[in-house]
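Undergrad: For the sequence shown, our numbering assigns the number 1 to the initial residue and increments by one for each residue that follows. Below you will find the structure I want to go over with you.
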Amino acid sequence: MFWCCLALLLQPPATGEIQLDVTEQTVTVTGLSDADLALLRAPAPGHEAVRVYFDRASLAERGDQPTMMGRWRVVEQRLVFQGRFPFSRGYDHLLVVQPRADQAPSTWVFSLPDLPKPPAAKFVGLFPDSDQVPENLLRWYLFFDQPMAHGYAYQNIRLEDEQGRLMGSPFVVVPEELWDPARRRLTLFLDPGRIKRGVGPHLEHGSPLQAGRAYVLVIDGTWPDRHGSPLGADVRHRFRVTEADRRSPQRADWVLNPPPAGGQTPLRVVFDEPLDREQVPRFLDVADASGTFLPGDWWVQPDGRAATFVPHRLWRTGTYALHISSRLEDWAGNHLIALFDHALEENNVGVAPHQTFTRVFRVD
Numbered sequence: 001m002f003w004c005c006l007a008l009l010l011q012p013p014a015t016g017e018i019q020l021d022v023t024e025q026t027v028t029v030t031g032l033s034d035a036d037l038a039l040l041r042a043p044a045p046g047h048e049a050v051r052v053y054f055d056r057a058s059l060a061e062r063g064d065q066p067t068m069m070g071r072w073r074v075v076e077q078r079l080v081f082q083g084r085f086p087f088s089r090g091y092d093h094l095l096v097v098q099p100r101a102d103q104a105p106s107t108w109v110f111s112l113p114d115l116p117k118p119p120a121a122k123f124v125g126l127f128p129d130s131d132q133v134p135e136n137l138l139r140w141y142l143f144f145d146q147p148m149a150h151g152y153a154y155q156n157i158r159l160e161d162e163q164g165r166l167m168g169s170p171f172v173v174v175p176e177e178l179w180d181p182a183r184r185r186l187t188l189f190l191d192p193g194r195i196k197r198g199v200g201p202h203l204e205h206g207s208p209l210q211a212g213r214a215y216v217l218v219i220d221g222t223w224p225d226r227h228g229s230p231l232g233a234d235v236r237h238r239f240r241v242t243e244a245d246r247r248s249p250q251r252a253d254w255v256l257n258p259p260p261a262g263g264q265t266p267l268r269v270v271f272d273e274p275l276d277r278e279q280v281p282r283f284l285d286v287a288d289a290s291g292t293f294l295p296g297d298w299w300v301q302p303d304g305r306a307a308t309f310v311p312h313r314l315w316r317t318g319t320y321a322l323h324i325s326s327r328l329e330d331w332a333g334n335h336l337i338a339l340f341d342h343a344l345e346e347n348n349v350g351v352a353p354h355q356t357f358t359r360v361f362r363v364d
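Set out below in structure tokens:
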């Protein structure tokens with residue numbers, strides 16, 4: 001049982017002491033006089049001898065403000081009040097004890113103790129975390145071990161060149177911020193307008209990243225989590241930029257390593273280039289010969305170069321198909337049927353916005 005003794009009194013001075021039982025949600029007054037206890041055991045009809053108000057301002061401004069619902073009783077030499085509903089954290093509740101209507105009331109202020117603050121969130125990684133990325137890299141994913149506060153992302157992320165100079169406006173600033181539902185993964189886009197050749201931002205400012213140069217992505221240690229605690233020390237990710245990737249992933253070049261029948265050995269898929277690790281589980285599926293998709297779990301290699309699929313049931317002998325969505329992208333945002341940064345004269349007329357391809361494999 002957790003007890004919290006409270007000493008904050010209001011005028012006129014109270015004659016007893018108050019204790020708050022957080023577990024039982026009760027307030028107990030001890031030290032009342034025998035005369036007061038006798039009056040409380042048999043209160044006058046119509047007189048509200050014990051009252052609890054939601055906040056301390058009620059003492060001077062209560063007027064007709066209703067009291068908190070609950071019941072009180074005298075137990076031996078103690079007065080115990082138990083609310084019908086839990087007390088509210090963050091508020092100073094007011095307890096008033098007035099055994100007789102013509103008697104000056106005794107008052108106490110009580111509040112629930114603050115919850116212990118959990119450990120501050122930690123930055124646990126990013127993808128891609130390679131020390132080399134293509135000039136037309138489209139996005140990073142930033143990962144945290146706890147939910148982060150909303151509205152602080154872009155002021156706590158910066159890109160510096162190798163001399164430590166701040167690179168201006170390399171990212172797309174989305175006011176809503178691109179968090180996953182748990183607010184533990186942030187999607188950070190480099191400015192597509194500066195990546196796409198031939199459009200205004202690219203012509204005016206060039207690509208956010210330049211091949212042959214080195215940069216530092218800085219995660220500021222003042223970035224608060226949902227409880228307001230900062231991350232702590234800055235995180236600095238150094239990387240060098242290679243030539244732009246202007247080639248779509250080639251599914252025909254993927255290597256499939258089928259598992260044996262009768263177990264749950266993973267199906268392993270090795271890609272022809274690193275793919276977007278966060279997209280792979282969404283855009284790959286495995287189906288049996290009847291076309292029924294197999295429930296299971298994908299695990300993607302940290303660099304996005306390979307993935308494994310573990311079914312929830314044993315593999316059976318037969319033919320299977322790996323279903324591949326054309327939406328699956330590489331690090332530069334190139335998907336299976338078009339480049340992210342296709343030349344302006346390539347209007348892609350006649351190309352379906354979405355297709356599904358298959359690679360057949362056999363389990364024996």
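Beta carbons: idealized from backbone N, C-alpha and C, even for Gly.
Going by the DSSP bridge assignment, what does N257 pair with across the sheet?
TA: By one-based count along the sequence shown, residue 257 stands at place 257. N257 pairs with R268.
Undergrad: Between T292, A35, G70, R158, which has its C-alpha nearest F189's C-alpha?
TA: Taking the sequence shown and counting its residues from 1, one reaches residue 189 at position 189. Nearest of T292, A35, G70, R158 to F189, Cα basis: R158.
Undergrad: From H354 to F87, what distance separates their C-alpha atoms?
TA: Taking the first residue of the sequence shown as 1, we reach residue 354 at position 354. Taking the first residue of the sequence shown as 1, we reach residue 87 at position 87. About 55 Å.
Undergrad: Please state whether the Cβ-Cβ distance between D276 and D341 is less than 8 Å.
TA: Here residue 276 is taken as the residue at index 276 of the sequence shown, counted from 1. Here residue 341 is taken as the residue at index 341 of the sequence shown, counted from 1. No. Outside cutoff.
Undergrad: Counting only runs that start and end within the stretch 214-261, where is the beta strand (DSSP E) found for 3 or more residues in a row?
TA: For the stretch 214-261, whole beta strand (DSSP E) runs of length 3 or above, ordered along the chain, are 214-219, 235-242, 255-257.
Undergrad: Below 8 Å on the Cβ atoms is my guess for L20 versus F110; work out the distance and round it to an integer in Å.
TA: Stepping through the sequence shown from its first residue, residue 20 is reached at position 20. Stepping through the sequence shown from its first residue, residue 110 is reached at position 110. Going by Cβ atoms, the distance from L20 to F110 rounds to 5 Å, so yes, they are a contact pair.
Undergrad: Taking the CB atoms as reference points, tell me whether R359 and R251 lie closer together than 8 Å.
TA: Position 359 of the sequence shown, counted from the first residue, corresponds to residue 359. Position 251 of the sequence shown, counted from the first residue, corresponds to residue 251. Yes, they are a contact pair.
Undergrad: To the nearest angstrom, how far is the alpha carbon of N334 from that of D245?
TA: By 1-based counting over the sequence shown, the position of residue 334 is 334. By 1-based counting over the sequence shown, the position of residue 245 is 245. So the two alpha carbons sit approximately 8 Å from each other.
Undergrad: Answer yes or no: do G46 and M69 have a C-beta to C-beta separation smaller than 8 Å?
TA: Along the sequence shown, one-based indexing puts residue 46 at 46. Along the sequence shown, one-based indexing puts residue 69 at 69. Against a cut-off of 8 Å, the Cβ pair of M69 and G46 comes out as no contact.
Undergrad: Return the chain-ordered list of same chain residues with a C-beta closer than 7 Å to the C-beta of T26, the five sequence neighbours on each side being excluded.
TA: Residue 26 sits at position 26 when you count from the first residue of the sequence shown. Once the five neighbours on either side are set aside, the close Cβ partners of T26 are V80, F81, Q82.
Undergrad: Between the stretch 150-164 and the stretch 259-276, do at least 3 Cβ pairs fall closer than 8 Å?
TA: Contact fails: fewer than three Cβ-Cβ distances are below 8 Å.
Undergrad: Between which two residues does the beta strand (DSSP E) holding P192 run?
TA: The residue given as residue 192 occupies position 192 in the sequence shown. Note, P192: premise wrong, no beta strand (DSSP E); alpha helix (DSSP H) at 192-195.
Undergrad: Which one of R185, D92, T242, D272 has the shortest CA to CA distance from S248?
TA: Looking up residue 248 in the sequence shown gives position 248. The shortest Cα separation from S248 among R185, D92, T242, D272 belongs to D272.
Undergrad: Can you tell which of L115, L336, V133 has the C-alpha that lies nearest to the C-alpha of V22?
TA: Residue numbering aside, residue 22 sits at position 22 when the sequence shown is read from its first letter. Minimum Cα distance to V22 is reached at L115.
Undergrad: In or out: T292 buried (at least 16 other Cβ within 10 Å) or exposed?
TA: Taking the sequence shown and counting its residues from 1, the one referred to as residue 292 is at position 292. Flag for T292 reads exposed.
Undergrad: Considering P119, what are the terminal residues of the beta strand (DSSP E) in which it resides?
TA: For the purposes of this step, residue 119 is identified with residue 119 of the sequence shown, where counting begins at 1. Counting along the chain, P119 falls outside any beta strand (DSSP E), and DSSP gives it neither H nor E.
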